[in-house]
Amino acid sequence: MTRPITLYLIGFAGTGKYTIAKEIAKSGYKVVDNHLINNPIFSLLDLDDETPIAENAWISVRKIRHIILDFIAQDQKSNFIFTNALLEKEGDWKIYNLIKETAEKRGSLFVPLKLILSPEEHEKRIASPDRKARFKMTNLAEVHIKKEMIKIDHPHLTKIDVTNLSAGEASEKILSFVKSLESSFPADEDKHSVGEIVLDEMDTSEIREVLWQGIKAFNQPYTGNITTQPFALSIRDGKSKIIAGIYGFTFYDHARVEYTWVEESYRQQGLGRKLFEKLDEFCRSKGCSVIQLDTLDFQSPAFYEKMGYEYIGTVSEWINKHDCYFMRKIL
Ligand SMILES: CC(C)(COP(=O)(O)OP(=O)(O)OC[C@H]1O[C@@H](n2cnc3c(N)ncnc32)[C@H](O)[C@@H]1OP(=O)(O)O)[C@@H](O)C(=O)NCCC(=O)NCCS
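Mapping the sequence shown onto our numbering, position 139 (from 1) lands on 144, and the numbers just tick up by one.
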């Protein structure tokens, strides 16, 4: 059985997505234009160029989208082509992920395509009278005051510059790209079969990386791109031996301390305080607004209190019946 295709044309309003999609449809694709989803509701509104669309209308649009996608997810035969003007914002990431998941559920080859266009040609296309009739934006300024285009990262993603292409030429180019993908990414019959649970206690690095990449992509729409950067502050003695330090990492606008240690013979001499002062300075320079750590009751909660940390939570009787305190310092 050949694998169905889910094409996703993404581009600013007025880049010709719908016109190109209609051309591609001639080769056996069903078009799911964004306005197929919006217009049942939009056509019931008194739309003008100024009044924003009310939230209750968007709620109904979202319900329609879910119903349509649910239906498409059951179709393992047809080729579909979606079009959207997706920007780098939370709501648009949700739409992108919904369509990607729909494509995956029906076992199709998912091909997201970004359409790009020169500003001059864009101005011409956006003013077309046909657009107004389909409740589309016709004002270039309105398109450009918005944010940048969504920054998706997908192995099948490609960009197509349609400035000098007719809809027919763009369609041809896209279809030949899809063909090349079909041969480079052959259908994997085993992709949706599920094996046994495997326990690994030795080499966990590959699994950790896959899970981390997965959760990072899942979080992205809610948190933006988070970069995690480890850091270490250390002090050595005259023989270059490490005698004290802090290890942790920064992420988003937070810092997390994992380990703090001062060699016993150097304790109570101010090294811990010096390290934590340096930590505050470093974290501020990285734009962090909070430092978080945890410590067991027999370790150093009182030391951290002195360093300006407050208690934010406790796990009682954690390791060997010792309480674990979560603490933080707002910078
Ligand atoms: C906790 C630790 C890092 C502190 O380092 P240090 O170099 O001894 O600390 P400092 O000499 O800079 O002390 C700074 C202040 O904290 C106090 N203090 C230090 N350790 C303390 C502790 N365990 N409990 C309560 N207060 C403490 C000091 O008396 C000093 O107080 P002062 O400013 O009023 O005089 C060090 O004792 C250590 O490595 N402990 C064992 C490992 C550990 O508990 N690590 C933390 C795991 S979460």
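Just so it is clear, CB atoms sit at the ideal spot from N, CA and C, and this is done for glycine as well.
Since we're looking at a predicted model, the values are computed, not measured.
Cβ-based burial, residue i [other Cβ within 10 Å; buried from 16]
i    : result
I231 : exposed
F223 : exposed
I10  : buried
G318 : exposed
A260 : buried
H327 : exposed
L122 : buried
V320 : exposed
G229 : exposed
R333 : buried
V267 : buried
I49  : In the sequence as displayed, the identity of residue 49 is Leu instead of Ile. So L49 ends up on the exposed side.
M312 : buried
T209 : exposed
A307 : exposed
I46  : buried
H159 : exposed
F281 : buried
P117 : buried
T265 : buried
Simplified DSSP assignment, three categories, for residue i
i    : result
I58  : coil
F190 : coil
T232 : coil
S181 : helix
Y252 : strand
Y227 : helix
C293 : coil
F275 : For clarity, residue 275 is Gly in the given sequence; the question names Phe instead. Of the three classes helix, strand and coil, the one that applies to G275 here is coil, per DSSP.
H259 : strand
L91  : coil
T163 : strand
R8   : coil
R111 : coil
D51  : coil
L298 : strand
N84  : strand
K105 : helix
K72  : Checking the sequence shown, residue 72 turns out to be Ile, not Lys. It is helical.
V199 : coil
Closer than 7 angstroms to chain C by CB, residue i
i    : result
I251 : Of the chains in the structure shown, none is chain C; there is only one protein chain.
(request) With a cut-off of 5 angstroms, give the chain-ordered residues whose Cβ is closer than this to any heavy atom of ligand 1. (result) T265, W266, V267, R272, Q273, G275, L276, G277, R278, T300, Q304, S305, A307, F308, K311
(message) Would the region 68-78 count as touching the region 103-110 if we require 3 or more Cβ pairs under 8 angstroms?
(response) yes
(request) Report yes or no: do three or more beta-carbon pairs, one from the region 23-35 and one from the region 163-180, lie closer than 8 angstroms? (result) yes
(request) Flag this pair as touching only if the region 212-226 and the region 244-259 have three or more C-beta atom pairs under 8 angstroms; answer yes or no. (result) no
(message) Whether or not the region 29-46 and the region 79-88 are in contact is what I'm after, with contact meaning three or more pairs of Cβ atoms, one per stretch, closer than 8 angstroms; do they touch?
(response) yes
(message) Counting beta carbon pairs with one atom in the region 153-162 and one in the region 87-101, are three or more of them shorter than 8 angstroms?
(response) yes
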